[in-house]
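Take the sequence shown: its position 183, counting from 1, is numbered 218 in the working numbering, and each next residue is one higher.
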Amino acid sequence: MNIGIYGGTFDPPHLGHLILAQSAIDALDLDHVLLLPAWRSPFKTDAESLPPLVRAEMVELAVSGNDRLRGEYCEIERGEVSFTVESVRGIHARHPGDTLFLLMGSDTFQDFPLWKDPDEILDLVIPAVAVRPGCELGDAVHSYTEAARVFSMPLIDISSSDIRRRVREGRSIQYLVPWTVQVFIESQGLYRRATSSPL
36 MNIGIYGGTF DPPHLGHLIL AQSAIDALDL DHVLLLPAWR SPFKTDAESL PPLVRAEMVE
96 LAVSGNDRLR GEYCEIERGE VSFTVESVRG IHARHPGDTL FLLMGSDTFQ DFPLWKDPDE
156 ILDLVIPAVA VRPGCELGDA VHSYTEAARV FSMPLIDISS SDIRRRVREG RSIQYLVPWT
216 VQVFIESQGL YRRATSSPL
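This is the structure in structure tokens:
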């Protein structure tokens with residue numbers, strides 16, 4: 036099988052995440068995509084985010100109704116700062132013989148040389164890079180660029196930080212997140228304060 040791995044904080048998961056995942060399914064002929072919420076990103080250790088189990092619940096709500104999208108919670112189960120190389124090792128061990136693609140936007144791919152053990156990551160997965168608004172692949176030229184598979188996605192500019200800000204300001208997030216996630220955010224009173232609950 037061809038399997039995509041798409042990691043992130045998902046605080047909250049939004050339609051941009053799902054559009055990227057579906058675009059990868061179509062472009063790379065993926066059987067399914069695993070959405071992999073981080074316990075805590077090594078690049079965001081000073082930032083507060085919602086507790087991991089709350090974000091995992093939102094991921095489950097976001098992927099419901101699409102049998103080619105699934106939540107994968109190994110990083111949350113590990114309960115420590117999440118490094119991609121550790122996660123792909125575990126997923127690779129559970130999927131011997133399958134082809135794994137690590138999905139990311141071109142903005143994220145710019146920083147790939149700074150990740151922990153990028154050479155080992157490339158031994159386990161194929162980086163698959165989506166072009167995002169304002170960040171062409173040409174901005175992410177480094178020694179790993181030739182290994183990447185590039186795919187296109189609709190140029191939709193949605194960010195989790197903007198969604199959180201909208202909620203704090205009492206503005207609508209309709210059509211920015213799946214309705215299931217919107218209902219959950221509203222019913223739980225999430226993101227209403229200037230900072231979210233700490234981990």
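All C-beta atoms in this analysis are idealised placements derived from N, C-alpha and C, irrespective of residue type, glycine included.
Annotation: the continuous alpha helix (DSSP H) that includes T215 extends over 214 to 223. In the displayed model, R129 falls within a helix according to three-state DSSP. The shortest C-alpha to C-alpha distance from L211 to any of M36, Q57, T44, A97 is the one to A97. Note that the C-beta distance between A165 and S194 is not below 9 angstroms.
Rounded to whole angstroms, S58 and T44 show a C-alpha spacing of 20 angstroms. By a beta-carbon distance limit of 8 angstroms, G42 contacts L71. Their separation comes to about 4 angstroms. Membership of F144 in any beta strand (DSSP E) is not indicated; the residue belongs instead to the alpha helix (DSSP H) covering 141 to 144.
Restricting attention to L157, R203, D146, G205, the CA atom closest to the CA of V176 is found in D146. For N37 and D154, the gap between their C-alpha atoms comes out near 21 angstroms. Of the residues assessed, G132 falls on the exposed side of the cut-off, its CB having fewer than 16 other CB atoms within 10 angstroms.
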